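Notes to accompany the following structure.
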Amino acid sequence: MLIDLHTHSTASDGTDDPAGLVSAAAEAGVQALAITDHDTTAGWARAGRQAERCGVLLLPGAEVSCRVRGITVHLLSYLHDPQEPELAQTLATSRDIRFSRARTMAELLSRDFPVTWDDVLAQAAHGATVGRPHVADALVAAGVVADRDEAFAGLLADGSPYVVHHGAPHPVEAVQRVRAAGGVPVIAHALASARGKVVGEDVLEEMVAAGLAGVEVDHRDHTEADKAWLRAFARAHHLLTTGSSDYHGTGKQNRLAENTTSPESLQRVLAEGRGVDPVGTLRALP
Ligand code: AMP
Ligand code: ZN
Ligand code: FE
Ligand code: FE
Numbered sequence: 281m282l283i284d285l286h287t288h289s290t291a292s293d294g295t296d297d298p299a300g301l302v303s304a305a306a307e308a309g310v311q312a313l314a315i316t317d318h319d320t321t322a323g324w325a326r327a328g329r330q331a332e333r334c335g336v337l338l339l340p341g342a343e344v345s346c347r348v349r350g351i352t353v354h355l356l357s358y359l360h361d362p363q364e365p366e367l368a369q370t371l372a373t374s375r376d377i378r379f380s381r382a383r384t385m386a387e388l389l390s391r392d393f394p395v396t397w398d399d400v401l402a403q404a405a406h407g408a409t410v411g412r413p414h415v416a417d418a419l420v421a422a423g424v425v426a427d428r429d430e431a432f433a434g435l436l437a438d439g440s441p442y443v444v445h446h447g448a449p450h451p452v453e454a455v456q457r458v459r460a461a462g463g464v465p466v467i468a469h470a471l472a473s474a475r476g477k478v479v480g481e482d483v484l485e486e487m488v489a490a491g492l493a494g495v496e497v498d499h500r501d502h503t504e505a506d507k508a509w510l511r512a513f514a515r516a517h518h519l520l521t522t523g524s525s526d527y528h529g530t531g532k533q534n535r536l537a538e539n540t541t542s543p544e545s546l547q548r549v550l551a552e553g554r555g556v557d558p559v560g561t562l563r564a565l566p
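Using the numbering used here, you'd call the opening residue of the sequence shown number 281 and step up by one each time.
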């Protein structure tokens with residue numbers, strides 16, 4: 281059974297629109313899919329309509345940006361109520377801050393490269409959560425770099441003088457907000473040190489105490505040692521574990537269902553989610 285619980289669409293920084301994401305997942309044989317755009321639920325309705333057509337079970341979700349002591353944490357939320365005011369406000373604030381931060385990066389880059397803020401805006405769908413990948417796409421369009429990977433390896437890497445980080449809620453606060461909205465909080469790529477500094481066990485334990493439901497274990501940015509550590513941590517704290525692609529369309533190498541989640545973990549997510557129903561049906565196994 282192919283279950284992929286971490287994917288992005290043009291509602292944030294993926295390259296497939298929400299309906300196209302669901303179609304691509306169906307074509308790849310994915311039976312249960314979560315759409316988890318950064319800090320937005322804007323793709324849910326379009327993805328949901330397509331899931332009903334394609335016979336895919338869709339879990340509406342989001343990837344909530346968090347920050348603690350200068351370290352970025354991404355918290356996946358599944359099945360939260362999109363109308364719950366506090367979580368909705370948290371996501372809206374992050375989108376606003378990301379927008380200003382991308383403009384600052386564009387202004388810094390425009391001093392040295394033929395790229396403007398308008399060029400960056402042209403790369404993001406209307407209302408999308410703006411991120412470094414859109415800045416990367418503007419650099420590609422201007423011929424400064426060949427692709428997103430080259431941008432992330434250089435001009436847009438952490439520590440580059442052109443990169444500005446954005447404020448975001450503490451991960452403990454985010455876990456509480458997701459739970460208060462009926463969602464199921466699962467920390468994404470918690471030990472992916474290739475992406476930047478990662479949090480210590482102390483922060484993870486505080487998140488567990490606040491109601492963390494699970495940890496994403498199988499992710500391409502984790503080493504085998506990272507996965508083993510996270511599996512042991514999950515066992516010790518009775519957390520569910522997931523595996524997922526973190527698919528971004530053509531913007532990243534990650535392929536749909538390159539890592540998958542067990543049916544048991546999916547059942548736990550479905551059982552704990554209270555904010556919104558999943559859409560469509562789980563196709564029976566042949
Ligand atoms: P931001 O959230 O704006 O700081 O940008 C980080 C986002 O860019 C994350 O969602 C990553 O998945 C994405 N990202 C990181 N590395 C790459 C890459 N090499 N190519 C494309 N996207 C990337
Ligand atoms: Zn992304
Ligand atoms: Fe992430
Ligand atoms: Fe992601």
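All C-beta atoms, glycine included, are put in the ideal place defined by N, C-alpha and C. Note that the structure is a prediction, hence the values are computed from the model and not measured.
Proximity test, residue i beta-carbon vs ligand 4 heavy atom, cut-off 7 Å
i: A472; result: no
i: A448; result: no
i: A567; result: Because the chain in this structure spans residues 281 to 566, residue 567 falls outside the shown range and cannot be described.
i: A399; result: Sequence inspection shows Asp at residue 399; the Ala mentioned does not correspond to that position. For ligand 4, not one heavy atom lies less than 7 Å from the Cβ of D399.
i: T632; result: Nothing about residue 632 can be reported from this structure: the residues present for the chain run from 281 to 566 only.
For residue j and residue i, believed in contact at Cβ under 8 Å, the rounded distance
i: P413; j: D293; result: 4 Å
i: G462; j: G335; result: The pair is not a contact, with the Cβ atoms about 26 Å apart (cut-off 8 Å).
i: V353; j: I467; result: 7 Å
i: T521; j: V497; result: 5 Å
Residue i - DSSP class collapsed to helix/strand/coil
i: V348; result: strand
i: E481; result: helix
i: G294; result: coil
i: L427; result: Reading the sequence as shown, one finds Asp at residue 427 and not Leu. Reduced to three states, the DSSP call for D427 is coil.
i: L520; result: strand
i: H414; result: helix
i: A460; result: helix
i: P543; result: helix
i: G328; result: helix
Residue(s) in a DSSP beta bridge with residue i
i: I467; result: L355 and V495
i: V559; result: L338
i: H318; result: E343
i: D284; result: L313
i: H527; result: The question names His, yet the displayed sequence has Tyr at residue 527. Partner(s): T287.
Residue i beta carbon near ligand 2 (any heavy atom closer than 7 Å)
i: D293; result: yes
i: P298; result: no
i: G411; result: yes
i: H288; result: yes
i: H528; result: yes
Residue i CB to nearest heavy atom of ligand 3 below 7 Å
i: A493; result: no
i: A342; result: no
i: D506; result: no
i: H354; result: yes
i: H612; result: Residue 612 lies beyond the stretch modelled for the chain, which goes from 281 to 566, so this question has no answer here.
Any non-hydrogen atom of ligand 1 closer than 7 Å to residue i Cβ
i: R428; result: yes
i: G407; result: no
i: G350; result: no
i: G531; result: yes
- Query: Are the segment 442–458 and the segment 382–393 touching, with three or more C-beta to C-beta distances below 8 Å?
  - Reply: Yes, they touch.
- Touching or not, the segment 482–493 and the segment 451–465, by the rule of three or more beta carbon pairs under 8 Å? Contact between the segment 482–493 and the segment 451–465 is present, with at least three C-beta pairs closer than 8 Å.
- Specify whether the segment 332–348 and the segment 422–436 touch according to this definition: at least 3 beta carbon pairs, one from each stretch, less than 8 Å apart. The segment 332–348 vs the segment 422–436: no contact.
- Item | Sufficient close CB pairs (3 or more, under 8 Å) joining the segment 322–334 to the segment 413–429 | No, the segment 322–334 is not in contact with the segment 413–429.
- Message: Quick check: the segment 299–311 against the segment 508–521, are at least 3 beta-carbon pairs closer than 8 Å?
- Response: The count of Cβ pairs closer than 8 Å, one atom from the segment 508–521 and one from the segment 299–311, stays below three, leaving the stretches out of contact.
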